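Residue numbers (UniProt numbering): 1 to 124.
Every residue gets a Cβ at the ideal spot worked out from N, C-alpha and C, and that includes glycine.
On a predicted model such as this, the values are computed, not experimentally measured, just so you know.
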Amino acid sequence: MGMITRVTAGGNVVLGGWLIAVPFVFGATGVRRWNDVLVGLVVVLVAGYNYSRSVRRRPLSRTGAGLVTILGTWLVIEPFIFGFVGPELWHNVVWGTIVASFGSYNAYVATLVGQTQPLQMATE
(Lines of atoms letter the chains of each structure in order from A and count residues from 1; the text may use other names and numbers.)
(Lines give C-alpha, C1' and ligand atoms only; values in the text may rest on other atoms or scores of the structure.)
Protein backbone atom coordinates (compact mmCIF):
# COMPACT_ATOMS: atom_id res chain seq x y z
CA MET A 1 0.00 0.00 0.00
CA GLY A 2 1.12 3.51 -0.64
CA MET A 3 2.19 6.22 1.73
CA ILE A 4 -1.13 8.08 1.42
CA THR A 5 -3.00 4.95 2.50
CA ARG A 6 -0.81 4.63 5.58
CA VAL A 7 -1.25 8.31 6.43
CA THR A 8 -5.04 8.19 6.09
CA ALA A 9 -5.38 4.99 8.12
CA GLY A 10 -2.92 6.24 10.75
CA GLY A 11 -4.63 9.63 10.77
CA ASN A 12 -7.93 7.98 11.57
CA VAL A 13 -6.28 6.13 14.46
CA VAL A 14 -5.14 9.48 15.88
CA LEU A 15 -8.54 11.10 15.26
CA GLY A 16 -10.28 8.16 16.92
CA GLY A 17 -8.04 8.61 19.96
CA TRP A 18 -8.97 12.29 20.06
CA LEU A 19 -12.67 11.37 19.85
CA ILE A 20 -12.22 9.18 22.92
CA ALA A 21 -10.61 12.04 24.86
CA VAL A 22 -12.68 15.01 23.67
CA PRO A 23 -15.81 14.43 25.80
CA PHE A 24 -13.64 14.74 28.89
CA VAL A 25 -11.95 17.88 27.51
CA PHE A 26 -15.28 19.57 26.67
CA GLY A 27 -17.02 18.16 29.74
CA ALA A 28 -19.76 16.41 27.76
CA THR A 29 -22.18 14.22 29.67
CA GLY A 30 -24.65 11.45 28.96
CA VAL A 31 -25.31 10.42 25.39
CA ARG A 32 -22.86 12.95 23.99
CA ARG A 33 -19.98 11.52 26.00
CA TRP A 34 -20.66 7.87 25.31
CA ASN A 35 -21.39 8.40 21.64
CA ASP A 36 -18.00 10.03 21.02
CA VAL A 37 -16.17 7.48 23.18
CA LEU A 38 -17.76 4.48 21.45
CA VAL A 39 -17.36 5.91 17.94
CA GLY A 40 -13.74 6.84 18.72
CA LEU A 41 -13.01 3.38 20.09
CA VAL A 42 -14.38 1.63 17.00
CA VAL A 43 -12.51 4.04 14.70
CA VAL A 44 -9.24 3.39 16.58
CA LEU A 45 -9.67 -0.39 16.40
CA VAL A 46 -10.76 -0.62 12.77
CA ALA A 47 -8.42 2.05 11.40
CA GLY A 48 -5.59 0.53 13.46
CA TYR A 49 -6.30 -2.83 11.85
CA ASN A 50 -6.17 -1.26 8.38
CA TYR A 51 -3.02 0.67 9.29
CA SER A 52 -1.28 -2.54 10.36
CA ARG A 53 -2.34 -4.19 7.11
CA SER A 54 -1.01 -1.27 5.06
CA VAL A 55 2.34 -1.35 6.86
CA ARG A 56 2.63 -5.08 6.11
CA ARG A 57 1.64 -4.37 2.47
CA ARG A 58 -1.53 -6.41 2.76
CA PRO A 59 -4.86 -5.39 1.19
CA LEU A 60 -7.00 -3.16 3.37
CA SER A 61 -10.32 -4.34 4.73
CA ARG A 62 -13.08 -2.87 2.56
CA THR A 63 -15.61 -3.59 5.29
CA GLY A 64 -13.48 -1.87 7.92
CA ALA A 65 -12.84 1.18 5.76
CA GLY A 66 -16.55 1.36 4.94
CA LEU A 67 -17.43 1.17 8.63
CA VAL A 68 -15.04 4.03 9.41
CA THR A 69 -16.66 6.06 6.60
CA ILE A 70 -20.13 5.41 8.04
CA LEU A 71 -18.97 6.39 11.53
CA GLY A 72 -17.44 9.60 10.18
CA THR A 73 -20.72 10.41 8.45
CA TRP A 74 -22.54 9.67 11.71
CA LEU A 75 -20.28 12.20 13.47
CA VAL A 76 -21.34 14.82 10.92
CA ILE A 77 -25.11 14.31 11.35
CA GLU A 78 -25.11 13.41 15.06
CA PRO A 79 -24.90 17.01 16.39
CA PHE A 80 -28.07 17.93 14.52
CA ILE A 81 -29.93 14.89 15.88
CA PHE A 82 -28.87 15.45 19.50
CA GLY A 83 -29.07 19.26 19.35
CA PHE A 84 -25.41 20.15 19.89
CA VAL A 85 -24.54 23.84 19.81
CA GLY A 86 -21.37 25.89 19.62
CA PRO A 87 -17.95 24.24 19.61
CA GLU A 88 -19.32 20.71 20.11
CA LEU A 89 -21.38 20.98 16.92
CA TRP A 90 -18.51 22.22 14.77
CA HIS A 91 -16.01 19.86 16.36
CA ASN A 92 -18.06 16.84 15.33
CA VAL A 93 -18.85 18.20 11.87
CA VAL A 94 -15.20 18.99 11.06
CA TRP A 95 -13.63 15.85 12.53
CA GLY A 96 -16.44 13.66 11.18
CA THR A 97 -15.81 15.02 7.69
CA ILE A 98 -12.10 14.24 7.97
CA VAL A 99 -12.72 10.73 9.37
CA ALA A 100 -15.26 9.99 6.62
CA SER A 101 -12.91 11.34 3.94
CA PHE A 102 -9.97 9.26 5.12
CA GLY A 103 -12.19 6.18 5.49
CA SER A 104 -13.72 6.58 2.04
CA TYR A 105 -10.26 6.96 0.47
CA ASN A 106 -9.16 3.73 2.15
CA ALA A 107 -12.37 1.98 1.02
CA TYR A 108 -11.67 3.14 -2.54
CA VAL A 109 -8.08 1.88 -2.39
CA ALA A 110 -9.27 -1.44 -0.93
CA THR A 111 -11.61 -1.98 -3.90
CA LEU A 112 -8.81 -1.34 -6.41
CA VAL A 113 -6.54 -4.11 -5.14
CA GLY A 114 -6.31 -6.89 -7.70
CA GLN A 115 -8.42 -5.09 -10.30
CA THR A 116 -5.70 -3.46 -12.39
CA GLN A 117 -5.31 -4.79 -15.90
CA PRO A 118 -1.81 -5.55 -17.15
CA LEU A 119 -0.51 -3.31 -19.91
CA GLN A 120 -1.06 -5.03 -23.24
CA MET A 121 0.01 -4.09 -26.73
CA ALA A 122 -2.83 -3.31 -29.07
CA THR A 123 -3.02 -5.68 -32.00
CA GLU A 124 -4.20 -4.65 -35.43
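In terms of Cα proximity to Val22, the closest of Val13, Gly40, Tyr49 is Gly40.
For the alpha helix (DSSP H) assignment, the uninterrupted runs of no fewer than 4 residues enclosed by the UniProt domain "SPW repeat-containing integral membrane" (10-103) are, from N- to C-terminal side, 30-55, 62-82. In summary, Arg58 is exposed, with fewer than 16 beta-carbon neighbours lying within 10 Å of its beta-carbon over all protein chains present. When the Cα atoms are used, Ser104 and Gly27 turn out to be separated by approximately 30 Å. Taking the Cα positions, Leu15 is about 20 Å away from Ala110.
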